[in-house]
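In the numbering used here, the protein residues as written are 11 to 486. Notes to accompany the following structure.
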Amino acid sequence: MADLGRFSGRRGRAVINGRLAAQGVATVVVLAFLYAAVLLWEQKHYFEEETPVHADIPIIARSPLIFHSNSYRHNQSEKCSRDVSPILFDEWRRSKEVICTSNEVSIEQLKLGRWEYKPTITVFKNIILNHLFDDVNKTNVSCEVFASNSLKNDAGITTMNGPVFRVMLFDASNPYEGFHGVLNIAMVMATLNITNPQLVHMVPKGEMESNTRFPSIVEMLTAFSSLKPIIVELPSSWRLTDNGTAVLNTDQPMITLPYMVDFPFQGTSIMVTKTDKALRGRGIDHHCKSEIFRGATDFIRTNLGIGDDSTDASDVNSTIQVLWSSRGPYCCRAAGTIYTPTRAIDNEQKLVEAVQTSLGSHYNITTVDFGANMTIIDSVEAAFKSDIIVGVHGAGLVWSAFMKQHSGLVEMFGGNRGTANRHYHNIASLADIHYRSLMLERGKVENLSWNEESLDQIVRKIQSINLKEEPSANEP
């Protein structure tokens with residue numbers, strides 16, 4: 011009774027209330043701890059589970075180590091989602107196969123089997139090379155070789171800490187072709203959850219001297235890491251093979267690489283690949299909007315110090331900025347030579363002036379030549395600040411990938427490039443921008459002529475783009 015009496019009356023109620031309050035605080039603390047644990051578990055295991063097709067999660071939450079763009083949400087077919095959403099990263103990760111292990115050395119491969127050419131990422135851990143450009147064979151490579159020989163070298167061993175990415179951009183003098191490799195860097199970083207890699211750009215012998223556009227290419231690589239890219243010129247006898255046996259010369263200095271990544275599929279990317287779902291290559295239209303693509307281009311643009319996502323094209327209520335992409339002669343694909351591209355427009359300046367007059371003061375046309383000594387930053391910034399890009403089919407239109415969401419692209423075909431080339435239609439789909447096209451002049455002609463009819467077509471195509479509306483699959 012004495013014990014029970016302690017809890018009777020006002021004092022007893024106060025004790026009870028105090029204990030209940032303490033229990034309440036303890037409950038809140040436990041719940042908060044459990045909630046935090048769940049969040050950590052979800053972050054750890056997110057990439058091990060298939061992402062819902064219409065998950066309402068910003069891209070920054072899906073892959074925080076590569077993309078930091080604003081959230082990008084939309085509903086589309088399951089086929090598109092399988093091919094162009096972060097589900098793709100999960101699929102790539104689940105394909106991981108251990109090729110070999112020996113002591114601390116291991117080699118793993120991740121193969122995206124549904125894509126054309128089955129692009130493969132090879133991850134080497136604690137591997138040793140004589141040179142950064144050594145062709146480490148993926149078929150007959152032996153982990154034991156690298157594990158045992160690492161103990162026998164007396165010529166000196168250098169260690170490169172951190173993840174090393176070996177890349178070799180395909181046709182780096184052409185921004186469209188080179189952009190495949192750039193997108194692949196972003197996708198591999200996201201797949202492997204890697205930030206700030208050391209990029210090693212392997213360059214065919216003589217390319218740096220013969221291609222004056224080379225510095226611009228390196229400029230693009232700086233978007234992926236705070237570490238300065240390492241440029242390695244390949245010996246004239248070097249070629250990428252997939253047979254034979256890897257050889258390590260223990261009499262020469264060596265380089266230890268705790269984590270090295272190879273992905274030699276630089277001639278293809280999400281822009282042109284064929285899959286068993288929605289993407290059917292550069293010759294067939296698709297209408298898939300990709301948060302992977304927009305996330306990668308936003309990541310590159312932001313890291314190059316260009317703009318932000320606070321204003322998109324649909325917010326523009328004043329003068330519409332039209333960027334006219336010209337195809338004039340420029341220097342130099344080969345050192346000291348002037349390159350004159352085909353499909354240039356005759357009397358182009360007169361055409362631009364006529365288009366401006368027809369459009370009126372609500373539009374402002376600025377002419378640029380992406381091929382004529384514009385840096386990577388200049389090109390990305392010009393595209394990002396424009397609302398509509400107009401130009402003849404050619405590599406310069408690849409910069410439309412950096413336009414704001416719901417901007418517009420008007421592509422003019424002619425000469426040796428007809429409407430069967432769907433490169434830029436599909437880039438526009440991935441980037442979620444409007445697309446229009448027209449034919450200027452058919453046939454085997456070097457330069458393209460125009461008339462009043464084609465002038466009227468260009469004007470109507472530009473005017474048909476509504477920057478406040480989301481692009482649709484079947485546009486005029």
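Cβ atoms here follow ideal geometry from the backbone N, Cα and C, with glycine treated the same way.
For residue i, which residues of its own chain have a beta-carbon under 8 Å away from its beta-carbon, when the five flanking residues on both sides are left out?
| i | result |
| --- | --- |
| residue 291 | 126, 282, 283 and 284 |
| residue 53 | Note that residue 53 has pLDDT 34, beneath the 50 cutoff, so the model's placement of it is unreliable and the number below is only indicative. For residue 53, where only same-chain residues beyond five positions count, there are no Cβ hits under 8 Å. |
| residue 275 | 127, 129, 130 and 194 |
| residue 296 | 90, 288, 289, 290, 436 and 439 |
What is the rounded straight-line gap between the Cα of residue i and the Cα of residue j?
| i | j | result |
| --- | --- | --- |
| residue 210 | residue 474 | 45 Å |
| residue 480 | residue 329 | 19 Å |
| residue 440 | residue 117 | 33 Å |
| residue 317 | residue 386 | 14 Å |
| residue 239 | residue 467 | 45 Å |
| residue 134 | residue 270 | 5 Å |
| residue 191 | residue 375 | 32 Å |
| residue 124 | residue 101 | 10 Å |
| residue 388 | residue 378 | 10 Å |
| residue 146 | residue 280 | 26 Å |
| residue 307 | residue 470 | 29 Å |
| residue 268 | residue 154 | 16 Å |
| residue 227 | residue 185 | 8 Å |
| residue 462 | residue 304 | 37 Å |
| residue 89 | residue 168 | 47 Å |
| residue 360 | residue 392 | 22 Å |
| residue 435 | residue 131 | 28 Å |
| residue 204 | residue 438 | 28 Å |
| residue 300 | residue 460 | 35 Å |
| residue 472 | residue 332 | 9 Å |
| residue 465 | residue 402 | 14 Å |
Could you have a look at residue i and say whether DSSP puts it in helix, strand or coil?
| i | result |
| --- | --- |
| residue 478 | coil |
| residue 185 | helix |
| residue 288 | coil |
| residue 412 | helix |
| residue 382 | coil |
| residue 310 | helix |
| residue 102 | helix |
| residue 444 | strand |
| residue 90 | helix |
| residue 449 | strand |
| residue 121 | strand |
| residue 143 | coil |
| residue 352 | coil |
| residue 107 | strand |
| residue 128 | coil |
| residue 135 | strand |
| residue 357 | coil |
| residue 203 | coil |
| residue 417 | coil |
| residue 235 | coil |
| residue 368 | helix |
| residue 390 | helix |
| residue 197 | helix |
| residue 95 | coil |
| residue 295 | coil |
| residue 468 | helix |
| residue 10 | Outside the modelled stretch of the chain, which goes from 11 to 486, sits residue 10, for which no answer is possible. |
I'd like to confirm the pairing. Which residues does DSSP put opposite residue i in its beta bridges?
| i | result |
| --- | --- |
| residue 243 | 213 |
| residue 427 | 424 |
| residue 176 | 210 and 272 |
| residue 115 | 112 |
| residue 373 | 330 |
| residue 265 | 139 and 168 |
| residue 402 | 422 |
| residue 458 | 355 |
| residue 335 | 378 and 401 |
To which residues of the same chain is residue i closer than 6 Å at the C-beta, ignoring the five residues directly before and after it?
| i | result |
| --- | --- |
| residue 189 | 408 |
| residue 447 | 421 |
| residue 455 | 425 |
| residue 457 | 354 and 356 |
| residue 266 | 138, 167 and 169 |
Among the residues of its own chain, which have a CB less than 7 Å from the CB of residue i, if the five just before and after it don't count?
| i | result |
| --- | --- |
| residue 372 | 329 and 330 |
| residue 58 | Residue confidence is low: residue 58 scores 33 on pLDDT, short of 50, so the model does not pin down where it sits. Its coordinate-derived value is still stated next. If we look at residue 58 and ignore the five residues flanking it on each side, it has no Cβ neighbours. |
| residue 214 | 244 |
| residue 390 | 311, 314, 316, 409 and 412 |
| residue 111 | 153 |
| residue 404 | 337, 351 and 353 |
Using a Cβ-Cβ cut-off of 7 Å, state whether residue i counts as contacting chain C.
| i | result |
| --- | --- |
| residue 383 | The structure shown contains no chain C, having only a single protein chain. |
Q. Taking contact to mean at least 3 C-beta pairs separated by less than 8 Å, is the segment 410-424 in contact with the segment 391-400?
A. In short, these stretches touch, since the Cβ pair count reaches three.
Q. How do the segment 417-431 and the segment 358-369 stand: do at least 3 beta-carbon pairs fall below 8 Å, yes or no?
A. Note that the segment 417-431 does not touch the segment 358-369; fewer than 3 beta-carbon pairs, one per stretch, sit closer than 8 Å.
Q. On the three-pair Cβ rule with 8 Å, is the segment 225-244 touching the segment 91-99?
A. The segment 91-99 and the segment 225-244 do not touch, with fewer than three beta-carbon pairs separated by less than 8 Å.
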